[in-house]
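Novice: Numbers given in our numbering equal positions in the sequence shown, counted from 1, plus 16.
We put the beta carbon where it would ideally sit given N, CA and C, even for glycine.
For clarity, every value in this text was computed on a predicted model and none was experimentally measured.
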Amino acid sequence: MSSSVLELASELPSRAIILGLLLFLTIRAALRRWGDIVRQLDGPEAQSWLYGNMLQLHLPPVYGHHEFKWQERYGPVYRFAGCFGQTRLMLSDPVALTYILKRPAFVHGPTIDNIHYMLYGPRAVITKTGAQILYFLPRLLSMELTLGDAHRKLRSVLNEGFTPSAVRGYQSILEEIAANLADKWEELAARNIEGQSEPLNVSFDLSIATLDAISRAILGRTTEQLGEKFMQSNFAVMALSSAQSRRAVLTNGIECHLPTPVRRLMIHLPNEAHRIIATARGYARQLGDELVEEKLAGKRSGVDVAAADFYGRLVAGKDDAQELSKEDIAGQTGVILIAGQDTTANATAFALYHLSKDPELQNALREEIATTLAAPRTSRTLVYDSMPLLNATLKESLRMYPAETMTDRTATRDTVIPLSQPVTTPTGHVLDHLAIRRGQIVTVNIGSYQRQTQRWGSDPHVFRPGRWLDGSVVSGEAVGPYANLLSFLSGTHMCLGWRFAVLELQVLLCTLVGKFSFSLSENGDEPIPTWRTTVIPVRADGKKGAMLRVRRVL
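Below, the structure written as structure tokens:
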């Protein structure tokens, strides 16, 4: 037998193994694709392979334009297309949402994860979340980094600054800030000739007030003490987070296919957005270091720093070896400044806008405020909770305009998602649960959940605070921490400062509606609810803002 024949014979086993392995992987990939239950669900057709349905979701003419219609057509569970032909899962089913938000098997999606890292850095509580799945080859090689213990430790300690008793300690600061805003508006109203008021961009002033609230109550600094450069940097980031474009959508789509280390390197690309973020992050880090050193110095001098502000409470408990390092405490500054500022301001602006459209509701709320504040009482601590219409109004604003209307989660392992009601596929299969594969991106649709008729009544797209008082809202298992809403998320990613935000909304609405009447601008420039990373009011010219006429109540 010739040597060539012998060589061929010797190569056959190895070739057969390689070919067999390739065939196995091909068949396995096909079976996984064929057996992927998400692909079997009904859902909207992709506009294109490049963008999928992402432009419809991220660049709609008005917030919820597409997904609310899709929910009515396909229900609370459906598939949609991401960029580059990616299949994604959309969920607004309450049982499914609760499961996903409270299970460590689901972590922030790639885009959100990278945004948090860029804005807040690696030490922020919002960055150290559970586990991160790192892709080097799609579905072939992954590595899981468990950060759950660090995240739980951070949340446990940070929560001490947002307990019910701690938040009540911030009340006097919030009332002073609301009173200062009212004084400013009274001065503007006094300048108007014969009661003719020019439309005021209430959104802008509310943003300043909410930043001042966070700065004073949480950081122990006034906005003046933060400095002009810091303020300019902060508002540059807020403006950046309110921007959205086709390029950004495509960039986010690319990020979903990149390993985490590569995504981290992207923040060093030389462009204006990254420069703005880097500057703000540097200011936040510097401020955080200064605050912690200041509190530690006070503690060493015998000062009761715990009574001062949020950072003082954290530093006061640092003797325990299980508590945070000073670097971890300082690392939360960016989250506190950015995450909690415009969300409360926007919710207040939307509430004032709807009160402007409904004078009868506005007068009823003003009467409730006047009656409650005039009644004899020993303390103001619980006065805001005793006003049903006030709380119904702020709940309705949070329901209709959640700051984060959608958020992505990635499954770190194969898992089964329970459903509150069965789903029927186009082929007739009835599913009472969803078996999804590791790496599946799931979109938690908060906005759609908060517009479901079976939970909020027959008119979920109407701003009607009365639903919270007449039994229209169906009670059930608590999905979120406040009023069964997901505006503050839930589970391991729940907003730690939700009690602070609620009290801030109560104080602002009570103070402003009690002293002023609000009406729409005569030129018809009504704010358009628009999703640009968060849901914000946008004017007819495309700029952020809510233009309202503000008059003193005599």
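In whole angstroms, what separates the C-alpha of VAL577 from that of SER249?
Specialist: The question about residue 577 has no answer, for the chain in this structure spans 17 to 570.
Novice: Can you give me the C-alpha to C-alpha distance between TRP514 and ASP228, rounded to a whole angstrom?
Specialist: Within the sequence shown, residue 514 is the residue found at index 498, counting from 1. Within the sequence shown, residue 228 is the residue found at index 212, counting from 1. The straight-line gap from Cα to Cα measures roughly 17 Å.
Novice: Does the separation of the CB atoms of LEU502 and TYR465 fall below 7 Å?
Specialist: The sequence position of residue 502 within the sequence shown is 486, counting from 1. The sequence position of residue 465 within the sequence shown is 449, counting from 1. Yes. Within cutoff.
Novice: Throw me the rounded Cβ distance for the LEU389 and PRO481 pair, which I believe falls under 8 Å.
Specialist: On the sequence shown, residue 389 is found 373 positions in, with the first residue counted as 1. On the sequence shown, residue 481 is found 465 positions in, with the first residue counted as 1. About 19 Å separates the two Cβ atoms, so there is no contact after all.
Novice: Quick one, which of ALA233, GLU191, GLY125 and GLU202 has its alpha-carbon nearest GLY177's?
Specialist: Stepping through the sequence shown from its first residue, residue 177 is reached at position 161. The candidate whose alpha carbon is nearest that of GLY177 is ALA233.
Novice: Leaving aside the five residues before and after LYS373 along the sequence, list all residues of the same chain whose C-beta is less than 7 Å from its C-beta, in chain order.
Specialist: Counted from its first residue, the sequence shown places residue 373 at position 357. Within the same chain, LYS373 has close Cβ partners LEU536.
Novice: Go ahead and pull the three-state DSSP assignment for ARG262.
Specialist: Counted from its first residue, the sequence shown places residue 262 at position 246. Helix.
Novice: Between THR360 and the ligand PLP, is the CB less than 6 Å from at least one heavy atom?
Specialist: Absence of the ligand PLP is noted for the structure shown, with no ligands found whatsoever.
Novice: Taking the alpha-carbon positions, what's the LEU222 to PRO442 distance?
Specialist: Position 206 of the sequence shown, counting from 1, holds the residue named residue 222. Position 426 of the sequence shown, counting from 1, holds the residue named residue 442. Between LEU222 and PRO442, the C-alpha separation is close to 48 Å.
Novice: Can you list, in chain order, the residues of its chain whose CB lies under 7 Å from that of ALA205, leaving out five sequence neighbours each side?
Specialist: By one-based count along the sequence shown, residue 205 stands at place 189. Excluding positions up to five away in sequence, the list reads SER213, VAL566, ARG567 and ARG568.
Novice: Figure out for me which residue from GLY487, ALA332 and ARG104 has the closest Cα to the Cα of VAL173.
Specialist: The residue you call residue 173 lines up with position 157 of the sequence shown. Closest by alpha carbon: ALA332.
Novice: TYR133 lies in the alpha helix (DSSP H); which residues open and close that run?
Specialist: Within the sequence shown, residue 133 is the residue found at index 117, counting from 1. Note, TYR133: alpha helix (DSSP H), 126-136.
Novice: So, using beta-carbon positions, are THR364 and LEU266 closer together than 7 Å?
Specialist: The sequence position of residue 364 within the sequence shown is 348, counting from 1. The sequence position of residue 266 within the sequence shown is 250, counting from 1. No, Cβ-Cβ distance for THR364 and LEU266 is not below 7 Å.
Novice: So the beta strand (DSSP E) MET106 belongs to, where does it begin and stop?
Specialist: Sequence index remark: in the sequence shown, residue 106 carries index 90 (1-based). Counting along the chain, the beta strand (DSSP E) containing MET106 begins and ends at 103-107.
Novice: Return helix, strand or coil for GLN344, following the three-state DSSP convention.
Specialist: Taking the sequence shown and counting its residues from 1, one reaches residue 344 at position 328. Just to set this straight, residue 344 is Asp in the shown sequence, not Gln. The answer is helix: DSSP assigns ASP344 an H, G or I state.
Novice: HIS449 lies in the beta strand (DSSP E); which residues open and close that run?
Specialist: Numbered from 1 along the sequence shown, position 433 holds the residue referred to as residue 449. Counting along the chain, the beta strand (DSSP E) containing HIS449 begins and ends at 446-452.
Novice: Counting pairs of beta carbons, one from the segment 273-293 and one from the segment 309-319, are three or more of them closer than 8 Å?
Specialist: The segment 273-293, when compared against the segment 309-319, does not touch it at the 8 Å Cβ threshold.
Novice: How far does the alpha helix (DSSP H) with LEU297 in it extend, from its first residue to its last?
Specialist: Sequence index remark: in the sequence shown, residue 297 carries index 281 (1-based). Residue 297 is actually Arg in this sequence, not Leu. Looking at the DSSP string, the run of the alpha helix (DSSP H) that includes ARG297 is 288-316.
Novice: For the beta strand (DSSP E) that PRO545 lies in, which residues bound it at each end?
Specialist: Taking the sequence shown and counting its residues from 1, the one referred to as residue 545 is at position 529. Note, PRO545: beta strand (DSSP E), 544-548.
Novice: I'd like the list of long-range same chain contacts for TYR90, defined as Cβ closer than 7 Å, with 5 residues on each side in sequence excluded.
Specialist: As a first step, residue 90 must be located in the sequence shown, where it is residue number 74. For TYR90, where only same-chain residues beyond five positions count, the Cβ hits under 7 Å are ASP58 and GLY59.
Novice: Residues in its own chain within less than 6 Å of ASP557 by CB, not counting five upstream and five downstream?
Specialist: By 1-based counting over the sequence shown, the position of residue 557 is 541. The answer is none, since no qualifying residue turns up.
Novice: Evaluate contact between the segment 468-482 and the segment 442-453, counting only Cβ atoms and requiring at least three cross-stretch pairs below 8 Å.
Specialist: Verdict: no, contact absent.
Novice: Using 8 Å as the threshold, is the segment 97-108 in touch with the segment 412-420, meaning 3 or more CB pairs across them?
Specialist: Short answer: they don't touch.
Novice: Which two residues bound the contiguous beta strand (DSSP E) that contains ILE457?
Specialist: For the purposes of this step, residue 457 is taken as residue 441 along the sequence shown, with counting starting at 1. Per DSSP, ILE457 belongs to the beta strand (DSSP E) from 457-461.
Novice: Report yes or no: do three or more beta-carbon pairs, one from the segment 62-74 and one from the segment 234-241, lie closer than 8 Å?
Specialist: Touching, no, given that fewer than three Cβ pairs across the two stretches are closer than 8 Å.
Novice: Can the beta-carbon of LYS560 be found closer than 7 Å to that of ILE552?
Specialist: As a working mapping, residue 560 is identified with position 544 in the sequence shown. As a working mapping, residue 552 is identified with position 536 in the sequence shown. Yes; because the gap between Cβ atoms is below 7 Å, this pair is in contact.
Novice: Using three-state DSSP, classify THR426 as helix, strand or coil.
Specialist: Locating residue 426 in the sequence shown gives position 410, where the first residue counts as 1. Strand.
Novice: Since LEU371 contacts VAL529 with CB under 8 Å, what's their CB separation in whole angstroms?
Specialist: Your numbering for residue 371 matches position 355 in the sequence shown. Your numbering for residue 529 matches position 513 in the sequence shown. Confirmed, about 7 Å.
Novice: Can VAL432 and THR440 be called in contact, C-beta distance under 7 Å?
Specialist: Position 416 of the sequence shown holds residue 432. Position 424 of the sequence shown holds residue 440. No, the Cβ-Cβ distance between VAL432 and THR440 is not below 7 Å.
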